[in-house]
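One point on numbering: in numbering that gives the first Met the number 0, the residue at position 134 of the sequence shown is 133, and numbering is uninterrupted.
Each residue gets a CB set at the ideal place from its N, CA and C atoms; glycine is no exception.
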Amino acid sequence: MFTGLIQGLGTIRPQGSDRFIISLKDGKTTDIWTDLALGDSVAINGICLTVEEITSDGFIATASPETLQRTTLGQQVQTTGYANVELSLRVGGKLGGHFVTGHVDGVGYFVEAISTEKAWDMFFSAPPSLLEQWQENIERYLFPKGSVAVNGISLTIAEYDPREHWFKVAVIPHTYHQTNLSYLTIGDWVNIEGDILGKHVAKLLGQSSNLYQASQDVSLGFLSEHGYI
Numbered sequence: 000m001f002t003g004l005i006q007g008l009g010t011i012r013p014q015g016s017d018r019f020i021i022s023l024k025d026g027k028t029t030d031i032w033t034d035l036a037l038g039d040s041v042a043i044n045g046i047c048l049t050v051e052e053i054t055s056d057g058f059i060a061t062a063s064p065e066t067l068q069r070t071t072l073g074q075q076v077q078t079t080g081y082a083n084v085e086l087s088l089r090v091g092g093k094l095g096g097h098f099v100t101g102h103v104d105g106v107g108y109f110v111e112a113i114s115t116e117k118a119w120d121m122f123f124s125a126p127p128s129l130l131e132q133w134q135e136n137i138e139r140y141l142f143p144k145g146s147v148a149v150n151g152i153s154l155t156i157a158e159y160d161p162r163e164h165w166f167k168v169a170v171i172p173h174t175y176h177q178t179n180l181s182y183l184t185i186g187d188w189v190n191i192e193g194d195i196l197g198k199h200v201a202k203l204l205g206q207s208s209n210l211y212q213a214s215q216d217v218s219l220g221f222l223s224e225h226g227y228i
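In structure tokens:
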């Protein structure tokens, strides 16, 4: 479990088709890796990865087929050169963003950033080639004032257009400069995870709808036919 508050930047280098070497940006020394241990969970661009081997400036991890299919790790697409890094949340730790599981729902792409007086309005949209997956796995969890994780960053949706399949977030200067958002160029693909609380609500509402429909199908005739009365 993570919070979407990025602790540093790193780089990702493939080592085969499903293994990746994660290193800190420019080899900078930091306390991010001080307590890193084998088996730890670390979010890299919002993707929960397990530490399998520790290196001098990072670690090596293997991505599952599901992760490769749903995230930028397995897509031959344009991405920013740096990755957001966040260690997993510890009991008693600060929860400054929102609950982020590291289980990415799908990918989107960066459309544009508009500089305002105190922030950046950043727009993300559905890749045309993956529109069906976007609608099924991401769009249902997007709504104004709701939380969303973009490359693992906890952000609040400022505006959402379900017809054109895009959403806007307002990014404060600290978040913009301390994450890889400042390195994005138009067309870069990003990992997107919907709010876990929204997912549970959607699941419960779906179950309620199914139960209601089932109750509508039960009649005296149905009960008599099946030997209940």
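Is there contact here, the region 54-64 with the region 158-178, by at least three beta-carbon pairs under 8 Å?
No, they do not touch.
State buried or exposed for residue 16, treating a residue as buried only when at least 16 other CB atoms are found within 10 Å of its CB.
Burial state of residue 16 is exposed, judged by a 10 Å Cβ sphere holding fewer than 16 other Cβ atoms.
Below 8 Å on the Cβ atoms is my guess for residue 191 versus residue 99; work out the distance and round it to an integer in Å.
Not confirmed; about 11 Å, so no contact.
Helix, strand or coil, according to DSSP, for residue 139 in the structure here?
In this structure, DSSP gives residue 139 a helical state, which the three-state scheme calls helix.
Quick check on DSSP: helix, strand or coil for residue 144?
Correct three-state label for residue 144: coil.
Straight-line gap, residue 40 to residue 184 (C-alpha atoms, nearest Å):
Residue 40 and residue 184: Cα-Cα distance of roughly 28 Å.
Same chain only: Cβ atoms within 6 Å of residue 32, ignoring 5 sequence neighbours per side:
Nothing meets the Cβ criterion.
Taking just the CA atoms, how far does residue 12 sit from residue 143?
Straight-line Cα distance between these residues: approximately 36 Å.
Buried versus exposed call for residue 115 [16 or more other C-beta atoms within 10 Å across all chains shown]
If you draw a 10 Å sphere on the C-beta of residue 115, you find fewer than 16 other C-beta atoms in it, and that means exposed.
If you check the beta carbons only, do residue 3 and residue 97 fall under 8 Å apart?
In terms of Cβ geometry, residue 3 and residue 97 form a close pair [threshold 8 Å].
Identity of the residues DSSP links to residue 17 by a beta bridge
According to DSSP, which records beta bridges pairwise, residue 17 is partnered with nothing at all.
Residues in its own chain within less than 7 Å of residue 187 by CB, not counting five upstream and five downstream?
Excluding sequence positions up to five before and after residue 187, its CB lies within less than 7 Å of the CB of 77, 78, 79, 108 and 109, all in the same chain and listed in chain order.
Looking at residue 43 and residue 177, is the spacing between their C-beta atoms short of 8 Å?
No Cβ-Cβ contact shorter than 8 Å links residue 177 with residue 43.
First and last residue of the alpha helix (DSSP H) that includes residue 175?
Segment 172-177, the alpha helix (DSSP H) holding residue 175.
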